[in-house]
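Listed in order, the protein sequences are those of chains A and B. The opening position of the first sequence corresponds to residue 1 in full-length UniProt numbering, with each subsequent residue numbered one higher. The opening position of the second sequence corresponds to residue 1 in full-length UniProt numbering, with each subsequent residue numbered one higher. Ideal placement from N, C-alpha and C gives every residue a C-beta, glycine not left out. These numbers come from a predicted model, not from an experiment. Notes follow once the structure below has been shown.
Number of protein chains: 2
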Amino acid sequence: MERAAHPGDPTIAELGESAVLGRILPRLAPGDAALLGAGDDAAVVAAADGRFVVTTDLLVHGPDFRLAWSTPFDLGWKAAATNLTDVAAMGARPTALVVAIAVPPTMPVTVLEGIADGLREGLAALAPGAGVVGGDLSASTVLTIAVTAFGDLEGRAPVLRSGAVPGDVVAHAGARGDAARGLALLFDAGTDAAGEPDPVRAADVRAQYPRLVGAQLAPQPPVSAGVAAARAGATAMLDVSDGLARDARRIAEASGVDLDFVGAALGPDLRVALAGAEDHGLLATFPAGASVPEPFEVVGSVVAGTGGVLVDGRPVGSDGWDPYSGWDGRAG
Amino acid sequence: MERAAHPGDPTIAELGESAVLGRILPRLAPGDAALLGAGDDAAVVAAADGRFVVTTDLLVHGPDFRLAWSTPFDLGWKAAATNLTDVAAMGARPTALVVAIAVPPTMPVTVLEGIADGLREGLAALAPGAGVVGGDLSASTVLTIAVTAFGDLEGRAPVLRSGAVPGDVVAHAGARGDAARGLALLFDAGTDAAGEPDPVRAADVRAQYPRLVGAQLAPQPPVSAGVAAARAGATAMLDVSDGLARDARRIAEASGVDLDFVGAALGPDLRVALAGAEDHGLLATFPAGASVPEPFEVVGSVVAGTGGVLVDGRPVGSDGWDPYSGWDGRAG
Chain A
1 MERAAHPGDP TIAELGESAV LGRILPRLAP GDAALLGAGD DAAVVAAADG
51 RFVVTTDLLV HGPDFRLAWS TPFDLGWKAA ATNLTDVAAM GARPTALVVA
101 IAVPPTMPVT VLEGIADGLR EGLAALAPGA GVVGGDLSAS TVLTIAVTAF
151 GDLEGRAPVL RSGAVPGDVV AHAGARGDAA RGLALLFDAG TDAAGEPDPV
201 RAADVRAQYP RLVGAQLAPQ PPVSAGVAAA RAGATAMLDV SDGLARDARR
251 IAEASGVDLD FVGAALGPDL RVALAGAEDH GLLATFPAGA SVPEPFEVVG
301 SVVAGTGGVL VDGRPVGSDG WDPYSGWDGR AG
Chain B
1 MERAAHPGDP TIAELGESAV LGRILPRLAP GDAALLGAGD DAAVVAAADG
51 RFVVTTDLLV HGPDFRLAWS TPFDLGWKAA ATNLTDVAAM GARPTALVVA
101 IAVPPTMPVT VLEGIADGLR EGLAALAPGA GVVGGDLSAS TVLTIAVTAF
151 GDLEGRAPVL RSGAVPGDVV AHAGARGDAA RGLALLFDAG TDAAGEPDPV
201 RAADVRAQYP RLVGAQLAPQ PPVSAGVAAA RAGATAMLDV SDGLARDARR
251 IAEASGVDLD FVGAALGPDL RVALAGAEDH GLLATFPAGA SVPEPFEVVG
301 SVVAGTGGVL VDGRPVGSDG WDPYSGWDGR AG
């Protein structure tokens, strides 16, 4: 994870905290909701309807990303994208982020600049008007990015996981399995002879399969579809981060129903569509007869049940991502 | 940092994510401001006056704490205390926290339970009514705690660093140098022959100097004094995390004034009072004639200047804590 510093590319330790902040903060905008941005003990953010939505997420080098595969820009982009999707899944409009980063002091400051650029561009693309209102910079041997994201419900009730009722349609917006396919490509062909992530091979794989590898490293979730779903009367919604089968079960269990997918609607590779993690699409249920907004596609229906997931009426097992199972601790 | 698991004390990997959450979440209360707590994609928090205060902070094993010195309860307490103080320093009442933790899978789940207990008790003691509304659990080789804290300005303007004017009095609430004295005791006598943190020796030092070592490991900052200062008309305020001299300079620079301390008011050891970091007291300025609220003590005055810090009229140098300087990367 450590790199030799070049002339003109000093390390974080060489620059010191305040000079580092002086190079990062100008790359970030506080956004429309910031009443007071970075620079004091805390920021002040507008919450026009008297409530705010909040979600937090840690990205850790090793289990969550590898610098041999992701550029710093990718990391910033993905950190923004995944948290924005959690806000969107409540039916809220994302307003702001705070970002705390722990970084090895020997790392070039350009890595932090790249992360900041990715945060800024991810916000601009996925949640225009939202910005970074504050943050923290710490030292660690393991690059770690903690993002907390905020959203505005604009007077609406939050869309929970628990509101699906039999007769609702099940709809999905976003990729189905692309991020998992991209990760499989990276593990297959983006590693060296010893199985360790290799930046040159990874760049080759990405050039060959830009859509699939991009879906893993810098996903483009349908963030604005969250508000559209809430306005259309969505009865339940969540961010599909652990795979469609596992996340559908969360709605089914919270709502006390079964979700029955139409297999043919999920795409050509049913197994990857159901099991593939990290797509960060939105899975929602709508009343029968509701006008399901773009880019949602109807992929099934809610039926009476007790927390099960079905495909064409037949139960399927859960399959997903547990951060503690199968992790071998490689720091890649 | 890794411990052998005992029967009845399984590791996080052995239990798996959802069982771990099942043991942690019941130990935490969402607090009075939580409209929707943990369990969905995001939480919903009340922001009665249409704004919220937000601050975020990362605590990293090694530079920020050592498990050989701090109990898990201490870590949770300190993570709450330091963030609550940043909220208080804006003149806001703390309402809620979100907490993201990255933890080695080989760590006993009792460590996370202890952190949760410390968070709960720290909140109950320092900010009654505030709670933990959400979080995240990740895997890392380095134990890392990211806290984001929220506060309610209750209709008041935030108290910034930039509002001090000549003629104001300078007042301080909280310890002056105790946390630094406690840390020095731990480095002096809480280490083994090789200079590495040693839990048995550290426990001995703590038993001998409970107040000073406690000030370092589980500080008790004057959180409620933040609102009291705002109500009393404080013109500037901040959390003293990097030492009185360094943090006083931040007010002086932001306000375009000098802060002149009365040396005798700072206690018997002026050097430690000025340089000692991590006390998390509140430094504030008030208009001359304002009724300075308890437990603030008047310790100086604001004079015309250009960002300087004086003691009895004589300039003093800055001295404080830069997380990247002098850190040797030991993981303790």
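Just to confirm, is the Cβ distance from Val-132 of chain A to Pro-199 of chain A under 8 Å? The answer is no: Cβ separation not under 8 Å.
Output the distance between the C-alpha atoms of Pro-26 of chain B and Ala-80 of chain B, rounded to the nearest integer angstrom. 18 Å
Proximal residues to Ala-248 of chain A (C-beta, below 7 Å), its chain only, five neighbours per side dropped: Leu-259, Leu-283, Val-309
Once the 5 residues before and after Asp-117 of chain B are set aside, which same chain residues still bring their CB inside 7 Å of it? Arg-27, Phe-73, Gly-76
Give a yes or no on whether 8 Å exceeds the smallest Cβ distance from Asp-152 of chain A to chain B. no
Contact set between the segment 128 to 139 of chain A and chain B, restricted to residues whose Cβ is under 9 Å from the partner: Val-133, Gly-134, Gly-135, Asp-136, Leu-137, Ser-138, Ala-139
Chain B within 8 Å of Gly-300 of chain A, Cβ atoms only: False, the Cβ-Cβ gap to chain B never drops below 8 Å.
C-alpha gap between Ser-140 of chain A and Leu-59 of chain B, whole angstroms: 9 Å
Between Phe-65 of chain B and chain A, is any beta-carbon pair separated by less than 8 Å? no
Please confirm whether Ala-331 of chain A has its beta-carbon closer than 8 Å to some beta-carbon of chain B. Its pLDDT being 32, under 50, Ala-331 of chain A is placed unreliably by the model, and nothing is read from it.
Gly-62 of chain B versus chain A: which residues are under 8 Å apart at the beta carbon? Result: Ala-139, Ser-140, Thr-141.
Report the three-state DSSP secondary structure of Ser-241 of chain A (helix, strand or coil). Coil, per DSSP.
With distances taken between CB atoms, is the gap from Ala-13 of chain A to Thr-106 of chain A smaller than 8 Å? yes
Beta carbon of Met-237 of chain B, beta carbon of Gly-91 of chain B: below 8 Å? yes
Between which two residues does the beta strand (DSSP E) containing Thr-95 of chain A stretch? Where Thr-95 of chain A is concerned, the enclosing beta strand (DSSP E) stretches over 93 to 103.
Please state the DSSP three-state secondary structure of Ser-301 of chain B. strand
Quick one: grab the DSSP three-state call for Arg-201 of chain A. helix
If you count every other CB in all the chains shown that lies within 10 Å of the CB of residue 366 of chain A, and 16 or more means buried, which is it? Missing from the structure shown is residue 366 of chain A; chain A here goes from 1 to 332 and no further.
Beta-carbon proximity list for Ile-24 of chain B, same chain, < 6 Å, skipping 5 on both sides: Leu-112, Ala-116
Identify every residue that forms a DSSP beta bridge with Gly-131 of chain A. Its beta-bridge partners are A:Ala-96.
Using Cβ-Cβ distances below 7 Å, what residues of the segment 67 to 91 of chain A are close to chain B? Asp-86, Val-87, Ala-89, Met-90
Contact check, residue 400 of chain B vs Ala-100 of chain B under 8 Å by CB: the rounded distance? An answer regarding residue 400 of chain B cannot be provided, because it is not within the stretch 1 to 332 covered by chain B.
Whose C-beta lies closer than 6 Å to the C-beta of Arg-314 of chain A among residues of the same chain, with five residues either side of it excluded? So the list is empty, once near-sequence residues are dropped.
As a quick exercise: from B:Asp-57, B:Thr-95, B:Ala-89, pick the residue whose alpha carbon is nearest that of Lys-78 of chain B. B:Asp-57
Through-space distance from Leu-183 of chain B to Gly-332 of chain A, alpha-carbon basis: Because the pLDDT of Gly-332 of chain A is 32, which lies under 50, any placement of that residue in the model is unreliable, and the number read from its coordinates should be weighed accordingly. Spanning the two alpha carbons is a distance of roughly 35 Å.
Under 7 Å (Cβ pairs) to chain A, residues found in the segment 237 to 252 of chain B: Leu-238, Asp-239
Determine the chain B residues that contact Leu-35 of chain A at a beta-carbon separation under 7 Å, and present them in chain order. Arg-51
Can you list, in chain order, the residues of its chain whose CB lies under 7 Å from that of Ala-68 of chain B, leaving out five sequence neighbours each side? Pro-197, Asp-198, Pro-199, Ala-202, Gly-332
Rounded to whole angstroms, what's the CA-CA distance from Arg-93 of chain B to Val-142 of chain A? Just pull it up for me. Arg-93 of chain B and Val-142 of chain A: Cα-Cα distance of roughly 34 Å.
For a cutoff of 8 Å on Cβ pairs, would you count Ala-42 of chain B as touching chain A? yes
Just to confirm, are Gly-243 of chain B and Leu-274 of chain B a CB contact at a threshold of 8 Å? yes
Pair within 8 Å by beta-carbon distance, Ala-171 of chain B and Val-299 of chain B: yes
Should Glu-278 of chain B and Ser-241 of chain B be called a contact, given that it needs their Cβ atoms to be closer than 8 Å? yes
Just to check my reading of the structure: Asp-239 of chain A and Asp-41 of chain B have Cβ atoms closer than 8 Å, yes? What is that Cβ distance to the nearest angstrom? Asp-239 of chain A to Asp-41 of chain B, Cβ: 5 Å. Contact.
Under 8 Å, do Asp-168 of chain B and Thr-95 of chain B count as touching if we go by C-beta distance? no
Going by DSSP, what residue range makes up the alpha helix (DSSP H) through Arg-51 of chain B? It is not in any alpha helix (DSSP H) - Arg-51 of chain B instead sits in the beta strand (DSSP E) that spans 51 to 60.
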